[in-house]
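Asks:
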Amino acid sequence: MKTIKTFFSILLIAITVSCSSDDGDGNPIPTPTPIKTAKFEITGNFTGHIFIVYNNNVTGNTTETVTSLPWSKTIEYPDNVMGIGISGNAVMQNPGVAGQTASLKIYYDNNVVRQSNKIADVNGTFSFESLAFIFP
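Note that my numbering gives residue 30 to position 26 of the sequence shown, counting from 1, and the numbers run on in steps of one.
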């Protein structure tokens, strides 16, 4: 038993010492610096749930169910990201009330650059237009 403990202790030390987070030449691998910031936002008096899908062209599509308003998500992007997008719709199983409103916006440099405004129909549902934004 003592031999096994000694073996695993030596193995652990060897792994710890031999592992490195650099690229082998002593310089750490650079990561892209986020230089673009955008914000997705939903506001209004809609009381139902909203299913949203947004794409940041880095990790692909992200889905969320928004259960109360207001909602927002701020994301920092590396320089190589050219565009972003978002869309959504009211969830049929958790609708709002006819006539309630919701506004989906994309902000860049603290300015609204894309927007979709909706009013819930007689079923308490709606679908936002897909919004896309190409960074300048």
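Backbone N, C-alpha and C define an ideal beta-carbon position, used for all residues, glycine too.
According to DSSP, is residue 48 part of a helix, a strand, or is it coil?
Replies: strand
Asks: Taking only three categories from DSSP, how would you classify residue 134?
Replies: coil
Asks: Excluding the 5 residues preceding and the 5 following residue 70 in the sequence, name in chain order all residues of the same chain whose CB lies nearer than 7 Å to its CB.
Replies: 46, 53, 54 and 56
Asks: Helix, strand or coil for residue 108? Go by DSSP, reduced to three states.
Replies: strand
Asks: According to DSSP, simplified to helix, strand and coil, what is residue 103?
Replies: coil
Asks: Quick one: using the 10 Å Cβ neighbour count with 16 as the cut-off for buried, is residue 90 buried or exposed?
Replies: Label assigned to residue 90: buried.
Asks: For residue 57, list the residues DSSP reports as bridge partners.
Replies: 67 and 91
Asks: Give me the Cβ distance between residue 43 and residue 78, rounded to the nearest whole Å; I'm assuming they're in contact under 8 Å.
Replies: 5 Å
Asks: I'd like the list of long-range same chain contacts for residue 194, defined as Cβ closer than 6 Å, with 5 residues on each side in sequence excluded.
Replies: Because the chain is modelled from 5 through 140, residue 194 falls outside the range shown and cannot be assessed.
Asks: Pick from 73, 109, 115 and 128: whose alpha carbon is nearest that of residue 134?
Replies: 109
Asks: Here's the rule I'm using: 16 or more other beta-carbon atoms within 10 Å means buried, otherwise exposed. How should residue 106 be labelled?
Replies: buried
Asks: How many Å lie between residue 111 and residue 118 at the Cα?
Replies: About 7 Å.
Asks: Spatial neighbours of residue 96 within its chain, please: CB distance less than 7 Å, with the 5 preceding and 5 following residues excluded, ordered by chain position.
Replies: 129
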